[in-house]
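Visitor: For the sequence shown, the working numbering assigns the number 14 to the initial residue and increments by one for each residue that follows. Idealized CB from N, CA, C, for every residue including glycine.
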Amino acid sequence: MACKLDGPRSLLPLQSAGLAAAAALAAYWRDSPRLLALCLLVGLLFAAWQWRGHARLLRQAALPHMEPPPPQLARQAIHPPEIRLEHAPVALFRLSGEQAEPLNARARKLAAPGNSCDAAALYRQLQEQDGERRWIRFETERGVERALASASSLVIEGRPERLLALLPLESELEAETLRAWQQLVHVLTHEIMNSLTPVASLSRSAAGMLDETAALPDGLRQELELAFAAISRRADSLADFVASYRSLSALPEPAPEIVRIAELFERLQALTAPSWKSRGGQAVFSVEPPTLELKADGGQLEQALINLIKNAYEATAPQSEARLAVSASLARGGRLRLEVSDNGPGVPEDKIEQIFTPFYSTKAKGRGIGLALVRQLVNGNGGTVRYARSVSGGARLILTF
């Protein structure tokens, strides 16, 4: 007959019987030291077994009786709604009265040091957000960022609140805008060049035909020669202008290599510092730490920095003590940060969003290609370029890789 033992409580009679049997045998074999020692050893084993059983009973009595949760509740305990909210792909804020509270990891990261330069200013913008979608701009360590904000009103426990979702889209917008401009520039330059080439050729041919024609009056001949020469010059000038924009849509693919930033800055300093010094200015290059490296196309990165330095040189021309500062450092998250700043007039607030747009220039004779080319070179090497406001004035551009 099988006997089912229900835990340590069902073993107590067996343990007690074992102790009693060991005691009886010890009394019977008291005249034999060896058998007496064996009985004592067996008794000690049964006593230890019984003590362990009592200890388990005491522990079970101290714990409350709990039924295992059903599988559905167990799954909810492992994946509660709060975890889904914490890892939502948008930054969520709760707006209550005059307070803005981050609700998930994205929101806390966005307002933390290393991202937003002024969390209080960002919160003020969020407080002004109504139920409609709109774009907001805020300052970060990488420069000015744009984000799409949308709010909805709700009532929780009788208290009105607003839930706001903020989706930073600066990098995505920049990439899409750049692709659109590349396609547009490619089409425009192709069509314009196809029309300019025959115009320039026909004007030169017509000028040559005048030399073979002797029946024209001198006054008419001079006017025709002047007109054909003007057409030819303007066609050549326009062709050169269009060819400069063709570089925006015909850049070679980057050839990545290990670029030592300290060596790159040495070359740039040797190339540009003398011109700043000759007019009483100063160009300072710094790398911290000196061992910083970047995997990128060295030639394209150097060209981008030269364009930025050239813009700073032209912008600081009226300054009596022009200053240029080019620095490299590690930003939060281990990203490489290159910064080019000057003490010129800077960029007006209402023109910051247009400075990287092709054909747009704040200079009287500018073609609007320098910063557009910089952005394309930097983006092609996996980085971003932003304009950042400078507390001390001047322009400040930040490249992040």
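1. Have a look at the DSSP bridge pairing and note the partners of Val-297.
2. Reducing DSSP to helix, strand and coil, say where Leu-314 ends up.
3. With Tyr-136 and Ala-113 assumed to form a contact (beta carbons below 8 Å), what rounded beta-carbon distance in angstroms separates them?
4. If we call anything under 8 Å between Cβ atoms a contact, is Leu-384 one with Ile-368?
5. Does the CB of Leu-98 have a neighbour CB from chain B at under 8 Å?
6. Return the bridge partner residues of Thr-439 from the DSSP annotation.
7. When you compare each of Phe-254, Ala-252, Leu-223 to Leu-239 by their alpha carbons, which one comes out closest?
8. Return the residue from the list Asn-392, Val-339, His-100, Lys-364 that minimises the CA-CA distance to Arg-119.
9. When you compare each of Ile-322, Val-255, Asp-310, Glu-266 to Ala-13 by their alpha carbons, which one comes out closest?
10. Pull up the distance between the alpha-carbon of Arg-246 and that of Ser-208, whole angstroms please.
11. Starting from the N-terminal side, write out each stretch of the alpha helix (DSSP H) that is 4 residues or longer and does not extend beyond the region 213 to 301.
12. Have a look at Tyr-373, Asp-231, Pro-267 and flag the residue whose alpha-carbon is nearest the alpha-carbon of Ala-309.
13. In the DSSP assignment, what residue or residues form a beta bridge with Pro-115?
14. If I follow the unbroken beta strand (DSSP E) through Leu-351, where does it start and stop?
15. By Cβ distance below 7 Å, which residues in the same chain neighbour Leu-251 in space, the five residues on each side in sequence not counted?
16. Applying the criterion that 16 or more other CB atoms from any shown protein chain within 10 Å of the CB defines a buried residue, is Ser-109 buried or exposed?
17. Please name the residue in Ser-214, Ser-333, Pro-302 whose C-alpha comes closest to that of Leu-343.
18. For Arg-146, report the span of its alpha helix (DSSP H) as first-last.
19. Alpha carbon to alpha carbon, how far is Arg-292 from Arg-336?
20. Restricting to Cα atoms, I'd like to know which of Thr-397, Met-206, Ala-133, Thr-329 is closest to Asp-253.
21. Nearest to Ala-325 by alpha carbon, out of Gln-295, Glu-236, Leu-186, Pro-115?
22. Contact defined as beta carbons within less than 8 Å: I believe Glu-174 pairs with Arg-107. What is the distance between those atoms, to the nearest angstrom?
23. For Pro-211, count the other beta carbons within 10 Å of its own beta carbon; 16 or more makes it buried, fewer makes it exposed. Which is it?
24. Judging by CA-CA distance, which residue of Arg-409, Phe-414, Ile-382, Lys-364 is the nearest neighbour of Thr-397?
25. Using C-beta distances below 7 Å, list every residue in its chain close to Leu-412, excluding the 5 sequence neighbours before and after it, in chain order.
26. Could you give the distance in angstroms between the alpha-carbon of Leu-264 and the alpha-carbon of Gly-311?
27. So if DSSP puts Ser-165 in a beta bridge, which residue, or which two residues, is it bridged to?
28. Which of helix, strand or coil does DSSP assign to Arg-402?
29. Work out the CA separation of Pro-102 and Val-272 for me, nearest whole Å.
30. Since Leu-135 is in the alpha helix (DSSP H), which residue starts that stretch and which ends it?
31. Can you check whether the CB of Glu-158 is closer than 8 Å to the CB of Glu-183?
32. Determine the closest residue to Glu-327 out of Ala-248, Ala-408, Gln-282, Gln-313, with distance taken between C-alpha atoms.
33. Let me check one thing: in DSSP terms, what residues is Pro-181 bridge-paired to?
Guide: So, to answer that:
1. Ala-338
2. helix
3. 4 Å
4. yes
5. Chain labels in this structure do not include chain B; a single protein chain is all it has.
6. Only positions 14 to 414 of the chain appear in this structure, which leaves residue 439 out of reach.
7. Leu-223
8. His-100
9. Residue 13 is absent from the structure shown; the chain starts at 14 and stops at 414.
10. 15 Å
11. 231 to 262, 274 to 291
12. Pro-267
13. Phe-106
14. 349 to 355
15. Leu-209
16. exposed
17. Pro-302
18. Careful: Arg-146 lies outside any alpha helix (DSSP H) and carries neither H nor E.
19. 11 Å
20. Met-206
21. Gln-295
22. 6 Å
23. exposed
24. Phe-414
25. Leu-351, Val-391, Gly-396, Val-398
26. 14 Å
27. Leu-176
28. strand
29. 34 Å
30. 132 to 140
31. yes
32. Ala-408
33. Ala-160
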